[in-house]
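Protein chains in written order, with the numbering used here: chain A, 19 to 682; chain B, 19 to 682; chain C, 19 to 682. Notes follow the structure.
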Amino acid sequence: MNKLYHGAAYYPELWDRDTIEEDIIYMKKAGINVVRMGEFAWSTMEPTEGSIDVGFFEEMIVKLASHGIETVFCTPTPTPPIWYSYGYPERMHVDKNGRTMGHGSRQHACTNHPIFREKAALITEELAKRLGKLPGLIGWQIDNEFKCHVSECMCEQCKSLWHDWLKEKYGTIDNLNNKWGTQIWSEAYLAFEQVPQPGPTPFLHHSSLSTMYRLFSMEKIAEFSDEQATIIRKHSNAPITHNSSVAFSVDNERLFENLDFASFDTYATIENYPAYLFNHDLFRNIKSGKAFWVMETSTSYAASLASYAMPHPDGYLQAEAIASYALGAQGFCYWLWRQQKSGCEQPHSSVLSAWGKPTIGFENVLEVEEIRKKIEPIIAETYVPQAELAITYSDRAKAFLETEPHQNLQHRRLMTAFYERILHMGISRDLITEQTSLDGYKLLFTPFLPAISHDYLMRAKAFVEAGGIWIVGPLSGGRTEEHTIHTDMALGELERLIGANVLFTFPMNENEAVGSAFDVSAPLSLWSSVFEYDSKTSVGIITEGIAKGHSFLSEYRLGKGKVVMLGSMPIGQAGDTLLTKLIEHYSKEVQLSTQLSVTKGTIVVPREHEQYTVWFIINMDGQGGSVNIQESATNLITKENIQAGELEIGKFEYVVIRFEKTQQ
Amino acid sequence: MNKLYHGAAYYPELWDRDTIEEDIIYMKKAGINVVRMGEFAWSTMEPTEGSIDVGFFEEMIVKLASHGIETVFCTPTPTPPIWYSYGYPERMHVDKNGRTMGHGSRQHACTNHPIFREKAALITEELAKRLGKLPGLIGWQIDNEFKCHVSECMCEQCKSLWHDWLKEKYGTIDNLNNKWGTQIWSEAYLAFEQVPQPGPTPFLHHSSLSTMYRLFSMEKIAEFSDEQATIIRKHSNAPITHNSSVAFSVDNERLFENLDFASFDTYATIENYPAYLFNHDLFRNIKSGKAFWVMETSTSYAASLASYAMPHPDGYLQAEAIASYALGAQGFCYWLWRQQKSGCEQPHSSVLSAWGKPTIGFENVLEVEEIRKKIEPIIAETYVPQAELAITYSDRAKAFLETEPHQNLQHRRLMTAFYERILHMGISRDLITEQTSLDGYKLLFTPFLPAISHDYLMRAKAFVEAGGIWIVGPLSGGRTEEHTIHTDMALGELERLIGANVLFTFPMNENEAVGSAFDVSAPLSLWSSVFEYDSKTSVGIITEGIAKGHSFLSEYRLGKGKVVMLGSMPIGQAGDTLLTKLIEHYSKEVQLSTQLSVTKGTIVVPREHEQYTVWFIINMDGQGGSVNIQESATNLITKENIQAGELEIGKFEYVVIRFEKTQQ
Amino acid sequence: MNKLYHGAAYYPELWDRDTIEEDIIYMKKAGINVVRMGEFAWSTMEPTEGSIDVGFFEEMIVKLASHGIETVFCTPTPTPPIWYSYGYPERMHVDKNGRTMGHGSRQHACTNHPIFREKAALITEELAKRLGKLPGLIGWQIDNEFKCHVSECMCEQCKSLWHDWLKEKYGTIDNLNNKWGTQIWSEAYLAFEQVPQPGPTPFLHHSSLSTMYRLFSMEKIAEFSDEQATIIRKHSNAPITHNSSVAFSVDNERLFENLDFASFDTYATIENYPAYLFNHDLFRNIKSGKAFWVMETSTSYAASLASYAMPHPDGYLQAEAIASYALGAQGFCYWLWRQQKSGCEQPHSSVLSAWGKPTIGFENVLEVEEIRKKIEPIIAETYVPQAELAITYSDRAKAFLETEPHQNLQHRRLMTAFYERILHMGISRDLITEQTSLDGYKLLFTPFLPAISHDYLMRAKAFVEAGGIWIVGPLSGGRTEEHTIHTDMALGELERLIGANVLFTFPMNENEAVGSAFDVSAPLSLWSSVFEYDSKTSVGIITEGIAKGHSFLSEYRLGKGKVVMLGSMPIGQAGDTLLTKLIEHYSKEVQLSTQLSVTKGTIVVPREHEQYTVWFIINMDGQGGSVNIQESATNLITKENIQAGELEIGKFEYVVIRFEKTQQ
């Protein structure tokens, strides 16, 4: 990665020629070296059905390139024009309550309708042909934020595809009935055609039906993405991405399978900076070995007609940018360049105002550019090493929790909180998908994964046998992949593998249940697995409540390593302490080398070179902090020498230091 | 009642033969002597339309009987199979927003559709014929929890039945218009066909329309129950019940009219143990003189995919069981035997787990069985005497309050709170329906009954004239049976009968209005009737607020007794004290013999024998307590002698003592 | 204005002859001299289609007149009879979720359907003909509370009218696309027929579409009102009004354009007495120079089946009545005379109960009548002078804020709070519409007006140039009349006019941003305009937050006056102080003569006569207070002399004093 991109979303189709000229001048001033264009411009490219002309964008790409500004071009499929929607309600997205979406916003069309696919293919092919080899065209983005406003579509077309998908997956309706256990409540189906979409019912739908419909929907949107990518590749060699998020109703692992690099959009405010970083540690590993992009973030605040976030405090944008580049982002891009003058996102922050002036946050953009230039050579010579600690992230688990939220549980919130603890402990970490190779890791966490697949289990087993420690839970393993309950043992194959004995599973009453481990007692919560007490395996004992005397935390040796079953969720401040001690304990046991002594709110991002290590130290919370430096180093920006000891970091300050590697 | 049942809901149709064998072994171990089967198994019995075969259940009943396990068999009508639902949206339930329910849960079918009635009759007749005389078949349950997920259906079929029902009730449309007062807002109808169901309107519907539609719906579901019972009785002598609840949209009094015994489902947690007991004191009197059943309760906690209750603390299940048996339950049954492996209630507690192990709560089940065996002979020789204090409970009043909730009032919550106070005072009490005979009572409470029927009034009058004290209110009597306002006097016939003078009715502002009675002053609340002050009748005076100087509590002599009008609701801690004093005052006046000195959280259930009295003393709240024993007695479990004085009761402890009756 | 009316809504069509006789006797007793009749009585007048007979009301008007009770008669169009609704779903109102309203409440019909207009015209013409010249008929009310339950209708008929309206407004679809900026999100339309109503979409609709649909709906209901008024005027000279409110989805300025006098309904409770007064200061100016009416207010509390307000404390009704008459109301009328016996408003307070007795509040009604008689001659000889301070109120601004609520902002709440501050400062004030002449004012406030029209701007400019001070903001001027963002300057024409320089606009973070002016520092909030600091123009400086050092409050000289730009919203207690000081500062600068020293909770209403000034001093909050009298005066009720100095006012007390004017 030799170049760091500093970019912005750009909608020249909404403005006149003079404004565009003004924009380019300001882009140069602000150090914008890449724009993203095209994702909502279908009606500009094809104002009436069949009248495709993408000349305007061809011209724009060339013009921008002539000013040194490169382009990521997007397919415009999130917003089909009026000629596609008007008079065709059957082509529209239908929500859970059966309401058919109308024209006037975005994502109103069902992406599974064959005519949609056909029209999308035509416009994308034309774009790929005409723009695919232009100078300055460095990448493609398919569509925009798939499923950010909608989740599963309930239209008639989807119903029919759902039946096909089920037929493909289950072969016979008897097999489906059997796998799902539909004899319950006399739900059993006589034919695939009878299996409903999860629409209105007097009480909850069957878990398997609900979860499978979510997986079906995730597969279908990925299939659309695949189709689009195939078309583009016929005419262009530029790498392809999608701007995704863990907040959308997609399976990111599956979605990026056939794309070339990962990118995401994030609008976390400073209070949620761990959520901001979470994205980096995840998307870096979604297309492992390939640089990812922060495709959208605000210069100051996100807003629409109906809500707004608080603006960034002065200094935070820079902290975000350095953190992004240091954690492996090649691109750091704003949404958006020039404030929308119409539509429903008029109040959203931008680089320029609708009337062409630098807006709030513009000064910060200039500072980001200063930083980018300073760190570009440092980034170019180093790389983000694989962490020793990994946490499995699964969008399929998210689907399971949407079907079975127990008590309003949200997968994203649970995962972010779990991640945050490890972040604050100063441990370098990777968020990895279910299929990511476990090679090279020492410590693996698998929290909040209701269904552990056979494949995952086998790879985790090999990881453990080779010496790794695998910490499973809370809320992991208690469901089959069909979203039913195991009928052999509480945790099925996993339990048999480790030789555990789960006595029962039930929701802990956090006002009564107490667990004790690592000399800490804490309330226990969530749907829990309780293990038989055994002095050889029990690490955490339940000391209060109806499962008193049993174990909520047990270790099982397997080959050279260990499986640690965290059956319940310690909560509150004491729970946090307990979990922190647990992580410390096993980090020590596997001899993690990456835990650093840094105050909460400040992060250290190590990057490697053959001969040296670089640390990016960044204060994210605006409170300042310090980090313990164990050997002398050089400040790469000031070139000053830094002594071992406590290094103070000011509010939103960043320091880049270099440690020489001793010869081995 | 010679036998006490200890049972569980059982779904053998969902499991294989080996599992069933295992189940029976465990049932014997756990002391389960009755199962309930069949209520969701329609697709097992009739997998395709017309292919009825109930052989599996015939075999199950016989097999279980051979192990000493008897059966209550259910008609499977809550879950019509896919051949009934698929392709027939006109047969489905339609909710208030006009959404047609789909297959995939339960109660999706409109129970008023003629084809539903026809299909239900066929399956039920076959079940009755084939199973009706089997050994071990001791009872029938019709359907399951009528209207637990749905309330009034808005389908076209119901619309037509609604018109027939109105025609039957009102004769002419002019009569309906007149009774309802539809001239208001030009609502007047020219024909029955024009009277809408209470669907979407810009503002609230007319009160009469709303309430009558609820009563119509309640009548129709009872009519379906009647039809089913008639069919069963053609082929079986086993008594028939339904597992109901005050939480469902049914009129329990009407529903049980043509059934043989009462039963109910309850999942109250320990915090709501008064609500648990409420059911017993009510359903005992719904089919007066016949033992009732607790048909469903959890061993530990209720749960679905989307929510869960906290598990019972250790000891509470036993307290529940003893209380149930002592209060007159013949059966105490769990939902469910073996954890669901699929569907939407997988996390619900059970006796065995889905993988065949005893789950949390299993030990408590064993203890219940121990207790059952110990108390069975004591129960067999005694009976629950009629209480001296009665509280009228009306599901029709619930319908009125749903139409007119004033400020989010909930009938069930109001009634439970009212009941709870009397419970905590240690007074034996009956909850009785509107038509229950008042003979034998001394003190009658009629709270939260907006419309007092002429029949009820006449019987209450006779009760009072014979010496009873009738306490009416709060919120009682201010509406006609058509849910309109009286136009002769505020409380209509009641007011005239007692010679009261209601000055006005209005909602008291609890921040301003204060009432004083029995030397207590308390804030007044709720829609209130204010009586003219008269030193002869006024007992409670309004001392603050806009009705200052008038009366909120007045007594009127009638024959040998009194009608006490409680026009307003004293609230807060002071209100509770005032109401407690009121109850004490009138209890004393009628010389109630059953008020016991027992600490809150512990209950005393007296049972009678010709020669002795037995007290079941049970600590329900897990805090322990004590009860004052006025004469020496014998502990029937330990056979020890107990001296008069304060008897300590441990946490969840139960003590059964016997007092000898002195010869009269 | 020689006569003050004391009235009540009366529904004789719901009662029998005897009851009507009783009513009239009580009306005389209570001093009711006017009734309002007819607004829901369509089915009485035309029980079947075409069978119009209004004889009953003719008789009623004459009978009442013979007792000295005059009548305001209403057209009955809010409640079309069943013959209009039954079987015609296409005539009904359709809500935002596409639900078609049914019969059974009111406002169920779409008022834009041609058959509705036709039927409404027929009944209204008949009423006008038959009743228009009757003795005692002193006024007309069209319909009742337009759009109080519904807002925009989404029916097919409205869709077609919407297209016509757009065609009329924009001429060509290209012009619409251009004005709205529909190129965004490929929304662009090829024909007017394609422009949707703002129904369901995955995310927010385009701002212009949403706002224009609201304006279209407001125009259509006013058009209906116009039609009705035209019909009435053919046969009657009695003045015409509508009982409106700022809470309804109407544009009051436009609605009253073709009506003869203003009236409104208000049910504010004592806590919201400023909202009660707000109506008076607004509706007095909506038909400037013509007396307005309080057409509906409760004697004690508003209620329906589902909710109720707290009853008025004793004394408040009188305070309301005096305040109304003093502030210019000619009529003060209750809703309603006799409690509803049926329908959905049974619990609502009234003068008589449904059973014909005086209800709670009746005594207060008698006191109101006493007061009315006492003050009638004083009112008759004086008038409410135009205030020197005006605040612009705009229902179109309300529509903009509904489309763009930022963070749940409510126009009414914002305006009331702004008004309340000025009220509490003892300053006489007018709330005026956008088109009201600015002549005679010294100080003009324009808060919360997103789009400032060119016409308004030109008139405000003239006002300022002539010496006025115009205080603009917060939240004013940042949107075009099409609800888009200006593209020339942040505030468009306004900014150019005053020569300001808005640096940026963004939502202030009230936890960080602080503004300082008039020696007060306060948190800043809301979407804000930040002005370049300039020692000549900056009055309020931003001292903390990301816009630190710039200005949130700047003055710009224009002719003999000043434009004061309040770019942000100071909040909290300090914000209130800052705004109070701002108002004081500019009041002083323009030498307002009407600021009085009166304690909060007590109001002073000055009225003028050529030779003297009368003050109505009224304690509204029931806490009592005082007012500083600067010269000696006469108490017009007691005839006592009052010395200059502090005059104590008791709880809910009113004092009317007269100051002689010294000869000039």
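Just so you know, even glycine gets a beta-carbon here, dropped at the ideal spot from N, CA and C.
Burial state of residue i (16 or more Cβ within 10 Å)
i, result
"Ile87/C", "buried"
"Asn529/C", "exposed"
"Gly157/C", "buried"
"Met476/A", "exposed"
"Asn51/C", "buried"
"Gln336/B", "buried"
"Ala484/A", "exposed"
Where residue i falls: helix, strand or coil (DSSP)
i, result
"Leu584/B", "strand"
"Gln348/A", "strand"
"Thr144/B", "Going by the sequence as given, residue 144/B is Glu instead of Thr. Three-state result, Glu144/B: helix."
"Gly593/C", "helix"
"Ala667/A", "In the sequence as displayed, the identity of residue 667/A is Ile instead of Ala. Strand."
"Val383/A", "helix"
"Gly558/A", "strand"
"Glu626/C", "strand"
"Ile378/C", "coil"
First through last residue of the alpha helix (DSSP H) which encompasses residue i
i, result
"Asn653/B", "Asn653/B -> not in any alpha helix (DSSP H); beta strand (DSSP E) instead, spanning Ala651 to Asn653."
Nonlocal neighbours in the same chain, by C-beta distance under 6 Å from residue i, ignoring five residues either side
i, result
"Ala408/B", "Asp448, Ile450, Tyr459 and Leu462"
"Gln661/C", "Ser650"
"Leu614/B", "Gly444 and Val622"
Beta strand (DSSP E) segment containing residue i, residue limits
i, result
"Trp158/C", "Leu155 to Gln159"
"Asn637/B", "Tyr630 to Asn637"
"Thr410/B", "Leu407 to Thr410"
"Tyr104/B", "That residue, Tyr104/B, is in no beta strand (DSSP E); it is neither H nor E in DSSP."
C-alpha gap between residue i and residue j, whole angstroms
i, j, result
"Asp413/B", "Phe282/B", "15 Å"
"Phe670/C", "Met638/C", "6 Å"
"Thr595/A", "Asp537/A", "10 Å"
"Ser325/A", "Ser494/C", "18 Å"
Beta-carbon contacts of residue i that lie in its chain and below 7 Å, excluding the five residues immediately before and after
i, result
"His627/C", "Glu399 and Thr400"
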